[in-house]
Amino acid sequence: MPSWEAEPGRLTGRWTAYRQVAPDWAPLYHAAGEPYPTQTSGRWHRSGEGYAQYLSLDSSGAWAELIRFEAIRGDARAAEYRRRLWALSVLEHNIADLATYEAYQACGLDPRTAIGDHATSQNLADDLRSAGFRGVLSPSTALPGAVNLTLFGERFEKVLQTGIDRWLNPQPDLLLPATLVVEGNPPADLITETTFVGQLHYGYEDWAASREHGGSRAD
Amino acid sequence: MGAVFALPSREVREKALLIEDLVMPARASRERALDVAGETAQSLVARRQAWYQDIEDAVLDLSNVLPQGPEDYDARKLFQFLIELRRAMASDPDDRRGEVEVATARLRDVGSRIARRIDHERLDDPQAAVAWVFEAMTGVSARDTGRLLGVSEKTISAWRGGGVVERNIPRVVLVAQLLTYLRASMTPRGLMMWFDAPRPQLGDRTPMELLNEPAAAQEPLVSLARGIRAQLGS
């Protein structure tokens, strides 16, 4: 039995998404021929149980993931990082539309799943994969207002200098065109916008309060 | 693990990196390009064949120096992906289906993994480990390097001069291993800050605090350091 009351919407489309990685690491996570998958656990997968490609629909969302994971609390530390920010063109189908807290609620899912502990999201990911979903759109925990796109399974990059949206992708299920946006460090301005572990997520809190007050806070 | 270290690890590593180099995206695209100006059909075929032959030779070379030869797990994977590449090149010369692209990426993954494996095994040797730490922490003071390795500035100076590492070996080896994951993502100063920053994944303790118990610190610190390589959903 899936954890939802109503199945999430299935989206087909093209998204431009962003992802930051170490300069000596490939834009996407692939480790062909590993005896067992060794990707570190994340919100939508458990280590040892396959791979997931964690992307953000805007570059700030990608940087905020680094700031939160690394607990970068000050400008001085942010300045010492060196990362590559990649843009990727994703042509996909069967993407679960959980991009908003309303979408969670409409499916009978607790909207706090989007920003809560990973175990609940990982269980939901199991249900999504079993139902044939290839990925999920969900609010970012790291940056209120941002949306993350996570693709289930292995993908390979086709690195292009330009034109990622125009490249005729022969295998969109497996290949994603990628282009380097910048090699640098996370913007210091983003530190104050990032939700760190243990902090209230004001994106969710505002949404929950607006529900409590019949939408008046948003007016 | 130990068996590989007994081998000429530099040779193994170089052979693994040669495979990686041959199938790097820019080179792979250039070598199998179909539309080079002025090139005859004959030279085009010869160039593509020569590139494939170089990869095959590199795979054979590497498998010969791995501890279990062609029976090594990764060697078998290399052969598997090599066959995929050959078949893809034969059935779809201009790679309209993208299968050559994927086969080269898979070969690259295995080559990189073997090179990383050799690096990690090499760093089990405390002399190699301390040399790697000094290289990664270039510009960091002896005081801070000593703090990181849990020894005095005097010991750091002795080690820099080639002294035998006899103290804090598990800690030296662990720090060296952690730096293999972290080094590309930050400056030496940033590396020092990483060790001094409280982390929620460690119950708000710093990596430096955990280093006092290297055996217990191994799993949480390696997991934390590996996590930085690529974006994860938080």
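Each protein sequence line maps, in turn, to chains G and D. At position 23 of the first sequence the residue is numbered 69 (our numbering), and the sequence of numbers has no breaks. At position 46 of the second sequence the residue is numbered 1490 (our numbering), and the sequence of numbers has no breaks. Just so it is clear, CB atoms sit at the ideal spot from N, CA and C, and this is done for glycine as well. Please read all numbers here as calculations on a predicted model, not as lab measurements.
Determine the chain G residues that contact D:Gly1671 at a beta-carbon separation under 8 Å, and present them in chain order. Translated into the one-based positions of the second sequence, residue 1671 of chain D becomes position 227. Identification of chain G residues near D:Gly1671 by a Cβ-Cβ cut-off of 8 Å yields Thr86, Phe115, ordered along the chain.
Span of the beta strand (DSSP E) holding G:Val182? Here residue 182 of chain G refers to the residue found at position 136 of the first sequence. Where G:Val182 is concerned, the enclosing beta strand (DSSP E) stretches over 181-185.
Nearest-angstrom Cα separation, counted from D:Pro1514 out to D:Pro1541: Numbered from 1 along the second sequence, position 97 holds the residue referred to as residue 1541 of chain D. Numbered from 1 along the second sequence, position 70 holds the residue referred to as residue 1514 of chain D. Note that residue 1541 of chain D corresponds to Arg in the displayed sequence, not to Pro. Rounded to the nearest angstrom, the two C-alpha atoms are 30 Å apart.
Taking D:Arg1541 as the query, report the chain G residues whose CB atoms sit under 9 Å from its CB, ordered along the chain. For the purposes of this step, residue 1541 of chain D is taken as residue 97 along the second sequence, with counting starting at 1. Chain G residues near D:Arg1541: Pro216, Gln217.
Neighbourhood of D:Ile1613 by C-beta distance below 7 Å, restricted to the same chain and skipping five residues each side: On the second sequence, residue 1613 of chain D is found 169 positions in, with the first residue counted as 1. Counting only Cβ-Cβ distances below 7 Å, and skipping sequence neighbours, we find Pro1570.
Going straight from the alpha carbon of D:Met1445 to that of D:Thr1589, what length do you get? If you number the second sequence from 1, residue 1445 of chain D lands on position 1. If you number the second sequence from 1, residue 1589 of chain D lands on position 145. Bear in mind that a pLDDT of 36 at D:Met1445, under 50, signals an unreliable position, so the model cannot answer this.
Cut-off 6 Å between Cβ atoms - residues of its own chain near G:Leu57, not counting five sequence neighbours on either side: Here the question's residue 57 of chain G lines up with position 11 in the first sequence. Within the same chain, Ile141, Asp143 come within 6 Å of G:Leu57 by CB-CB distance, once the 5 residues on both sides are set aside.
Distance CB(G:Tyr82)-CB(G:Gln99) smaller than 8 Å: Mapped onto the first sequence, residue 82 of chain G falls at position 36. Mapped onto the first sequence, residue 99 of chain G falls at position 53. Against a cut-off of 8 Å, the Cβ pair of G:Gln99 and G:Tyr82 comes out as no contact.
When the cut-off is 8 Å and only beta carbons count, does G:Asp70 lie next to chain D? Looking up residue 70 of chain G in the first sequence gives position 24. Using beta-carbon distances, G:Asp70 counts as an interface residue toward chain D, with a partner under 8 Å.
Just to make sure I have the definition right: I need the residues of chain D whose C-beta is within less than 9 Å of the C-beta of G:Phe198. Which are they? Taking the first residue of the first sequence as 1, we reach residue 198 of chain G at position 152. Going along chain D, no residue has its Cβ under 9 Å from G:Phe198, so there is no contact; the nearest lies around 12 Å.
Cβ-heavy atom distance, G:Gln168 to the ligand MG, below 7 Å: You won't find the ligand MG in this model; it holds no ligand whatsoever.
Closer than 8 Å is the cut-off here; do at least three beta carbon pairs connect the stretch 1555-1570 of chain D with the stretch 1452-1462 of chain D? In this structure the stretch 1555-1570 of chain D lies against the stretch 1452-1462 of chain D, because at least three pairs of beta carbons, one per stretch, are closer than 8 Å.
At the level of alpha carbons, what is the spacing between G:Gly94 and G:Thr84? For the purposes of this step, residue 94 of chain G is identified with residue 48 of the first sequence, where counting begins at 1. For the purposes of this step, residue 84 of chain G is identified with residue 38 of the first sequence, where counting begins at 1. Near 6 Å, if we compare the C-alpha coordinates of G:Thr84 and G:Gly94.
Taking 8 Å as the threshold (beta carbon to beta carbon), is G:Arg263 in contact with chain D? Within the first sequence, numbered from 1, the residue matching residue 263 of chain G stands at position 217. The predicted model places G:Arg263 with a pLDDT of 42, which falls under 50 and marks its position as unreliable, so this point remains unresolved.
Would you verify that the beta carbon of D:Leu1593 is, or is not, closer than 8 Å to some beta carbon of chain G? Position 149 of the second sequence holds residue 1593 of chain D. No Cβ of chain G is located within less than 8 Å of the beta carbon of D:Leu1593.
Do G:Gly209 and G:Leu197 have their C-beta atoms within less than 8 Å of each other? Position 163 of the first sequence, counting from 1, holds the residue named residue 209 of chain G. Position 151 of the first sequence, counting from 1, holds the residue named residue 197 of chain G. No, they are not a contact pair.
How many Å lie between G:Ala188 and G:Thr240 at the Cα? Residue 188 of chain G sits at position 142 when you count from the first residue of the first sequence. Residue 240 of chain G sits at position 194 when you count from the first residue of the first sequence. Rounded to whole angstroms, the gap between the alpha carbons of G:Ala188 and G:Thr240 is 5 Å.
Would you decide whether G:Ala151 is buried or exposed? Buried here means 16 or more other CB atoms lie within 10 Å of its CB. Here residue 151 of chain G refers to the residue found at position 105 of the first sequence. For the sequence presented, residue 151 of chain G should be read as Gln rather than Ala. Around the beta-carbon of G:Gln151, fewer than 16 other beta-carbon atoms lie within 10 Å, marking it exposed.
Taking all protein chains shown into account, do 16 or more other C-beta atoms lie within 10 angstroms of the C-beta of G:Ser186, making it buried, or fewer, making it exposed? Looking up residue 186 of chain G in the first sequence gives position 140. A residue is called buried once 16 or more other Cβ atoms fall within 10 Å of its Cβ, and G:Ser186 is buried on that count.
Drop a sphere of 10 angstroms on the beta-carbon of D:Val1489, count the other beta-carbons inside from all chains shown, and report buried for 16 or more, exposed for fewer. Position 45 of the second sequence, counted from the start, is the residue given in the question as residue 1489 of chain D. So D:Val1489 ends up on the exposed side.
Assign G:Ile161 to one of three DSSP states: helix, strand, or coil. Taking the first sequence and counting its residues from 1, the one referred to as residue 161 of chain G is at position 115. When DSSP states are grouped into helix, strand and coil, G:Ile161 belongs to the coil group.
For my contact list, G:Gly79 and D:Val1554 are in at a C-beta cut-off of 8 Å; report their separation, rounded to the angstrom. Translated into the one-based positions of the first sequence, residue 79 of chain G becomes position 33. Translated into the one-based positions of the second sequence, residue 1554 of chain D becomes position 110. Yes, they are in contact, since the Cβ atoms of G:Gly79 and D:Val1554 sit about 5 Å apart, within 8 Å.
Counting only beta-carbon separations shorter than 8 Å, does G:Arg158 have a partner in chain D? Within the first sequence, numbered from 1, the residue matching residue 158 of chain G stands at position 112. Contact with chain D is absent for G:Arg158, since none of that chain's Cβ atoms lies less than 8 Å from the residue's Cβ.
In three-state DSSP terms, what is G:Phe242? Residue mapping note: residue 242 of chain G aligns to position 196 of the first sequence, counting from 1. Reduced to three states, the DSSP call for G:Phe242 is coil.
Other residues of its chain near G:Asn169: CB distance less than 8 Å, five sequence neighbours each side excluded: The residue labelled residue 169 of chain G in the question sits at position 123 within the first sequence. Ser49.
Neighbouring residues, chain D, relative to G:Val67 (Cβ below 8 Å): Walking along the first sequence from the start, residue 67 of chain G turns up at place 21. In chain order, Arg1673, Ala1674, Gln1675 make up the part of chain D whose C-beta sits under 8 Å from the C-beta of G:Val67.
Tell me which residue opens and which closes the alpha helix (DSSP H) that D:Thr1624 is part of. Position 180 of the second sequence, counting from 1, holds the residue named residue 1624 of chain D. DSSP places D:Thr1624 inside the alpha helix (DSSP H), whose first and last residues are 1613-1626.
Could you list the residues in the stretch 1611-1638 of chain D with a C-beta less than 7 Å from some C-beta on chain G, going in chain order? Of all residues in the stretch 1611-1638 of chain D, Ala1628, Ser1629, Met1630, Thr1631, Arg1633, Gly1634, Met1637 have a Cβ within less than 7 Å of some Cβ in chain G.
Please list, in chain order, all residues of the same chain as D:Pro1642 whose beta carbon is under 8 Å from its beta carbon, the five residues on each side excluded. The count along the second sequence starts at 1 and reaches residue 1642 of chain D at position 198. Within the same chain, D:Pro1642 has close Cβ partners Asp1648, Arg1649, Thr1650.
Give the interface partners of D:Asp1518 over in chain G, defined as CB-CB distance under 8 Å, in chain order. Working through the second sequence from its first residue, we reach residue 1518 of chain D at position 74. For D:Asp1518, the C-beta contacts it makes with chain G under 8 Å involve Gly79, in order along the chain.
Could you name the residues of chain G that D:Pro1469 contacts, counting a contact when the two beta carbons are closer than 9 Å? The residue you call residue 1469 of chain D lines up with position 25 of the second sequence. Near D:Pro1469 (Cβ distances below 9 Å), the residues of chain G are Glu203, Lys204, Val205.
In three-state DSSP terms, what is D:Pro1511? Here residue 1511 of chain D is taken as the residue at index 67 of the second sequence, counted from 1. In the displayed model, D:Pro1511 falls within coil according to three-state DSSP, outside both helix and strand.
Helix, strand or coil: which one does DSSP assign to D:Phe1449? Position 5 of the second sequence, counting from 1, holds the residue named residue 1449 of chain D. Because the pLDDT at D:Phe1449 is just 41, under 50, the model does not fix this residue reliably, and the point stays unresolved.
Could you give the residue range of the alpha helix (DSSP H) that holds D:Tyr1517? Stepping through the second sequence from its first residue, residue 1517 of chain D is reached at position 73. For D:Tyr1517, the enclosing alpha helix (DSSP H) begins and ends at 1517-1535.
Taking 8 Å as the CB-CB limit, is D:Pro1570 close to chain G? Taking the first residue of the second sequence as 1, we reach residue 1570 of chain D at position 126. Residue-level contact check: D:Pro1570 does not touch chain G, since none of the beta carbons of chain G fall below 8 Å from its beta carbon.
As a quick exercise: from D:Tyr1496, D:Glu1464, D:Met1636, pick the residue whose alpha carbon is nearest that of G:Glu126. Residue mapping note: residue 126 of chain G aligns to position 80 of the first sequence, counting from 1. Of the candidates D:Tyr1496, D:Glu1464, D:Met1636, the one whose C-alpha sits nearest the C-alpha of G:Glu126 is D:Met1636.
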